[in-house]
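In our numbering, the protein residues as written are 994 to 1106. Below is one structure, written out as structure tokens; comments come after it.
Pasting the structure below:
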């Protein structure tokens, strides 16, 4: 019984993922068609040629959502808050000093020697 619940939850998540992925792929295809062929109706072109393959690809890719979730988690862990380089730290200090000068100017605070 628990196995059936897990299978149903997995399939439900896969269907939701397929729907989201289909929407993103469809939007990308319609935008690309609109840019490449401005004289044609991109939605009709998508429905005529790309709708089936896009639905198939999004459904197949959505079945592997645990792998995508694991990849996303690893990517977020590895890339979250890396140590700043010297150039980034200098740019951050410069931006902070500029913002302080702006605020002092707005508040009418004169610089002290």
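Beta carbons are placed, not taken as given, at the ideal position from N, Cα and C, and that holds for glycine. Since we're looking at a predicted model, the values are computed, not measured.
- Residue range 1035 to 1038 is occupied by the alpha helix (DSSP H) that includes residue 1037.
- Around residue 1022, the same chain offers 1039, 1043 and 1047 as residues with beta carbons nearer than 7 Å, after the five sequence neighbours per side are excluded.
- For the pair residue 997 and residue 1032, the Cα-to-Cα distance works out to about 51 Å.
- Looking at the backbone, the Cα of residue 1035 and that of residue 1024 are separated by about 8 Å.
- For residue 1089, the uninterrupted alpha helix (DSSP H) segment begins and ends at 1079 to 1100.
- Residue 1073 sits in coil when the DSSP states are folded into three classes, being neither helix nor strand.
- With a threshold of 16 other beta carbon atoms within 10 Å, residue 1016 falls short and is exposed.
- Separation of residue 1028 and residue 1059 (C-alpha to C-alpha, rounded to the nearest whole angstrom) is 34 Å.
- Using a C-beta cut-off of 8 Å, the segment 1089 to 1101 makes no contact with the segment 1056 to 1076, since fewer than three inter-stretch Cβ pairs fall below that distance.
- A distance below 7 Å between beta-carbons, with the five flanking residues on each side excluded, links residue 1019 to the following residues of its chain, in chain order: 1039 and 1047.
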